[in-house]
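K.L.:
Mind having a look at this structure? Questions to follow.
There are 2 protein chains.
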Amino acid sequence: MDKRPTINDVARISGVSKRTVSRVINGATNVGVATREKIQKVIDDLGFSPDKQARGLAASRSYLLGLIYDNPDALYIDQVQRGVLSVCSERGYELVVHPCNYDTENFIDNCVHFVKRSNIDGVIILPPVSESKKLAAALRDRNINYVRMASVDLDDHANIVVSDDRAALSDLARYLVSLGHRDIGIISGPKHYYSAIERLEGFCHTLKELGVDVAENRIIEGKNTYESGIECARSLLIQSPPPQVIFANNDEMAAGVLKVAHEMGVAVPESLSVAGFDDNLLATRVIPSLTTVQRPVVAMAALAAKKIIALIEHYQTEHQDTYLVKPHLIIRESTRKAQK
Amino acid sequence: MDKRPTINDVARISGVSKRTVSRVINGATNVGVATREKIQKVIDDLGFSPDKQARGLAASRSYLLGLIYDNPDALYIDQVQRGVLSVCSERGYELVVHPCNYDTENFIDNCVHFVKRSNIDGVIILPPVSESKKLAAALRDRNINYVRMASVDLDDHANIVVSDDRAALSDLARYLVSLGHRDIGIISGPKHYYSAIERLEGFCHTLKELGVDVAENRIIEGKNTYESGIECARSLLIQSPPPQVIFANNDEMAAGVLKVAHEMGVAVPESLSVAGFDDNLLATRVIPSLTTVQRPVVAMAALAAKKIIALIEHYQTEHQDTYLVKPHLIIRESTRKAQK
DNA sequence: TTGTAGGCGTTATCAC
DNA sequence: GTGATAACGCCTACAA
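One line per chain: the protein sequences are A and B, in this order. Numbered according to the UniProt record's numbering, the first sequence terminates at residue 340, and the numbering increases by one at each position without gaps. Numbered according to the UniProt record's numbering, the second sequence terminates at residue 340, and the numbering increases by one at each position without gaps.
This is the structure we're talking about:
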């Protein structure tokens with residue numbers, strides 16, 4: 001590899017000590033204007049940029065951000081990565097990815113070890129892993145910076161970005177009732193996920209307010225997978241009469257509903273309206289396209305990145321306090337007015 | 001953060017010099033058995049592991065692998081990441097992701113700079129960026145280790161993993177002809193991508209061998225996007241008569257074909273067979289499910305990771321030579337025998 | 001087989 | 001405002 005210029009080169013050429021160069025690099029205020037300009041010029045001429053490793057070794061920082069997740073939704077991950085990276089590149093950080101197994105017993109040690117062995121400066125944690133109190137506690141105990149992305153306000157606002165799924169589902173409920181539907185089926189997510197509970201409650205609560213009750217046998221707990229969506233849709237659609245609407249906790253399962261409806265000869269949206277959640281790639285590809293809820297994932301991820309950097313660099317910003325973003329309803333072809 | 005034990009602690013406690021500890025850490029052979037065991041015990045007791053930054057600074061290595069891509073297919077990226085990471089975790093590396101804009105003029109500088117500023121030990125490059133001769137040349141000039149994933153054998157075998165798309169498309173052609181189809185439409189990928197050319201040629205070549213000619217107006221150049229698939233499908237299906245089969249260069253575009261067929265009242269697979277490429281998530285979700293070609297992406301990525309590490313650590317392995325993997329045909333609902 | 005000494009490129013301490 | 005000098009934790013000639 002070509003030898004890159006070092007701080008020593010800069011110091012020698014500009015005729016000052018490297019301590020002073022260091023001051024300029026780090027934007028310290030106590031440097032004479034003339035000195036600063038002279039040094040800056042040399043830096044520019046040389047194309048010098050500080051070596052991350054040396055810098056990290058001395059300051060015990062790595063300029064590395066970690067992304068911890070156990071989420072089957074690749075599209076979601078991809079959007080998060082893009083959001084985080086847009087901030088990283090501005091601020092001189094890099095992103096190290098770390099998928100893990102939420103289920104395994106040693107997953108907390110695994111994550112901690114990940115951070116330790118590479119001196120990761122801070123981690124962003126995605127749902128559903130982000131819902132783990134144990135992980136958050138373990139990180140906090142070890143003074144590891146983290147920011148969680150979640151659907152519930154379960155941490156200090158400096159450590160979390162939450163999407164208001166409850167409010168979004170409330171909107172969806174209102175919309176469906178406005179179409180004249182009163183018989184609604186639900187395929188929820190796994191009940192041990194806060195996100196699933198939030199969505200379910202937000203949905204049912206508003207329905208109730210509007211005078212619509214959801215019978216118990218119309219709520220089925222799914223696993224957020226396509227296969228599970230198929231299974232649950234089947235047990236919902238063999239009921240007689242079948243519901244007028246099915247809301248599925250994510251688009252994957254909603255796609256499963258479409259599949260089963262097609263098999264059973266149930267026309268969507270003529271005889272059955274279907275809604276999902278995520279605005280996954282699938283939502284537009286599927287026929288009919290899905291009415292769903294879109295989270296501003298890229299923006300949330302960027303916000304999370306700003307927060308983690310604020311934590312690392314110990315400064316206050318307005319980002320510290322803003323933490324709540326609201327997803328919005330996207331109406332497509334899979335929902336329609338109730339038949340008379 | 002808790003203070004981690006250092007090599008000095010290990011040396012002091014085991015009563016040897018840190019040079020000897022260093023030898024044990026790095027698996028040097030010239031250490032007395034007794035000494036080695038004694039030191040190893042201390043290492044285990046302390047839970048010591050060498051600091052990556054210090055190590056990197058001294059040895060000018062970072063134990064970081066980079067992943068360079070500009071690919072809209074999040075699913076593909078996700079699979080690659082998992083494949084690479086499975087090897088990384090075994091070998092003590094971490095993965096740093098770097099999406100970039102293939103189109104922009106400074107993308108090469110951007111990538112080089114990415115590697116330099118974090119002292120990335122080596123990069124894995126995904127298609128279509130991997131097809132860039134300029135990038136490869138730039139990396140080689142600067143002695144940056146790289147491995148490309150591609151559809152064509154366009155580099156030293158130590159630097160590439162290629163999927164034999166040509167052979168796979170040959171299989172597809174044979175399969176379609178065996179169903180009795182002779183009138184075939186094609187939505188190719190952008191012609192400036194090798195992958196698109198390989199697939200197109202592999203397909204047409206075998207068709208010709210089987211006595212099937214594809215008329216020029218039956219081949220349309222798409223852009224690998226869903227929208228482009230819709231557009232191209234339309235101009236193919238308004239021809240009279242329309243083709244019996246449409247092969248699209250990827251599943252995204254094939255999904256577009258299904259959409260248009262649905263709009264135009266063309267039954268798939270009864271009146272039109274459709275095939276894609278990738279075995280994207282879409283392939284199974286869509287109705288009817290797609291006949292397509294699956295690349296063993298995770299395995300390819302793992303192989304690429306092994307190759308890049310071999311390059312970094314300068315050793316020969318059998319991985320150096322194996323570089324070609326063959327995708328295989330997956331037959332689903334979207335293709336069917338030609339009607340009499 | 002083992003140890004000594006110096007260096008990797010930066011930041012931090014504490015004088016001046 | 002500026003500059004020696006010592007860390008930071010590890011690796012690598014070179015010596016013994």
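Ideal Cβ placement from N, Cα and C applies to all residues, glycine included. As the structure is a prediction and not an experimental result, all values here were calculated from the model.
#1: Short of 8 Å in beta carbon distance, which residues of its chain neighbour B:LYS134, apart from the five on each side in sequence? Order them along the chain.
#2: Taking beta-carbon pairs under 9 Å, can you tell me which members of the segment 220-233 of chain A lie near chain B?
#3: Which value, in whole angstroms, describes the spacing of the CA atoms of A:ILE309 and A:VAL147?
#4: Is it true that the CB of A:LEU67 sits closer than 8 Å to the CB of A:ASN280?
#5: Report the residue from A:LEU311, A:ALA305, A:GLU333 whose alpha carbon sits nearest the alpha carbon of A:ARG82.
#6: Pick out whichever of A:GLU198, A:LYS38, A:ILE120 has its Cα sitting closest to the Cα of A:GLU131.
#7: Identify every residue that forms a DSSP beta bridge with B:ILE291.
#8: Can you tell me the Cα-Cα spacing of B:PRO72 and B:ASN101, whole angstroms?
#9: Reducing DSSP to helix, strand and coil, say where B:ILE330 ends up.
#10: Taking Cβ to Cβ, would you say A:THR291 is nearer than 8 Å to A:SER334?
#11: Beta-carbon of A:ALA173 versus every beta-carbon of chain B: anything under 8 Å?
#12: Just checking my contact of B:VAL84 with B:LEU176 at CB under 8 Å: how many whole Å lie between their CB atoms?
#13: At a CB-CB cut-off below 9 Å, which residues of chain B make contact with A:VAL80?
#14: State buried or exposed for B:GLY189, treating a residue as buried only when at least 16 other CB atoms are found within 10 Å of its CB.
#15: Would you call A:ASN119 buried or exposed, if buried means 16 or more other Cβ atoms sit within 10 Å of its Cβ?
#16: Which residues in the same chain have their Cβ closer than 6 Å to the Cβ of B:ALA173, if we skip the five residues on either side of it in sequence?
#17: For the segment 110-140 of chain B, list the beta strand (DSSP E) runs that are entirely contained and at least 3 residues long, ordered along the chain.
#18: Based on the DSSP secondary-structure assignment, which residues constitute the bridge partners of B:GLY32?
#19: Just checking my contact of B:ILE160 with B:TYR323 at CB under 8 Å: how many whole Å lie between their CB atoms?
#20: Which class does A:VAL200 belong to by DSSP, given the choice of helix, strand or coil?
#21: In whole angstroms, what separates the C-alpha of B:TYR193 from that of B:GLY276?
#22: Give me the chain A residues within the contact set of B:LEU126, using Cβ-Cβ distance strictly less than 8 Å, ordered along the chain.
#23: Shorter than 8 Å from the beta carbon of B:ASN119 to some beta carbon of chain A?
#24: Taking the alpha helix (DSSP H) that B:HIS262 belongs to, which residues open and close that run?
#25: Per DSSP, B:TYR194 forms a beta bridge with which residues?
#26: Tell me which residues share the same chain as B:LYS223 and place their Cβ nearer than 7 Å to its Cβ, disregarding the 5 neighbours each side in the sequence.
#27: Among residues of its own chain, excluding the 5 on either side of B:ALA267, which ones have a beta-carbon nearer than 8 Å to its beta-carbon?
#28: Of all Cβ atoms in chain B, is any one closer than 8 Å to the Cβ of A:GLY56?
#29: Buried or exposed for B:GLU94, going by 16 or more other Cβ atoms inside 10 Å?
#30: Would you say B:SER22 and B:ILE43 are within 8 Å of each other, going by their C-beta atoms?
#31: What's the C-alpha gap between A:LYS337 and A:GLY180?
#32: First and last residue of the beta strand (DSSP E) that includes B:ALA215?
#33: What three-state label does DSSP hand A:ILE43 in the structure shown?
#34: Is the beta carbon of A:VAL274 sitting closer than 8 Å to the one on A:ALA254?
#35: Return the chain-ordered list of same chain residues with a C-beta closer than 6 Å to the C-beta of residue 382 of chain A, the five sequence neighbours on each side being excluded.
#36: Would you mind sorting A:ARG142 into buried or exposed? The rule is 16 or more other CB atoms within 10 Å of its CB.
P.N.:
Result, derived from the coordinates:
#1: ILE108
#2: TYR226
#3: 10 Å
#4: no
#5: A:ALA305
#6: A:GLU198
#7: Just to set this straight, residue 291 of chain B is Thr in the shown sequence, not Ile. B:ALA275, per the DSSP bridge assignment.
#8: 11 Å
#9: strand
#10: yes
#11: no
#12: Contact flag wrong, Cβ pair sits at about 34 Å.
#13: Residues of chain B passing the Cβ test: none, with the nearest at roughly 10 Å.
#14: buried
#15: buried
#16: PHE203, THR206, LEU207
#17: 122-125
#18: The partner list for B:GLY32 (beta bridge, DSSP) is empty, contrary to what the question assumes.
#19: 6 Å
#20: Before going on, a small fix: residue 200 of chain A reads as Leu here, not Val. Three-state result, A:LEU200: helix.
#21: 17 Å
#22: None at all; the shortest Cβ gap to chain A is about 13 Å.
#23: yes
#24: 251-264
#25: Its beta-bridge partners do not exist; DSSP assigns none.
#26: PRO190
#27: ALA261
#28: yes
#29: buried
#30: no
#31: 6 Å
#32: Counting along the chain, B:ALA215 falls outside any beta strand (DSSP E), and DSSP gives it neither H nor E.
#33: helix
#34: yes
#35: Given a span of 1 to 340 for chain A in the structure shown, any question on residue 382 of chain A remains unanswerable.
#36: exposed
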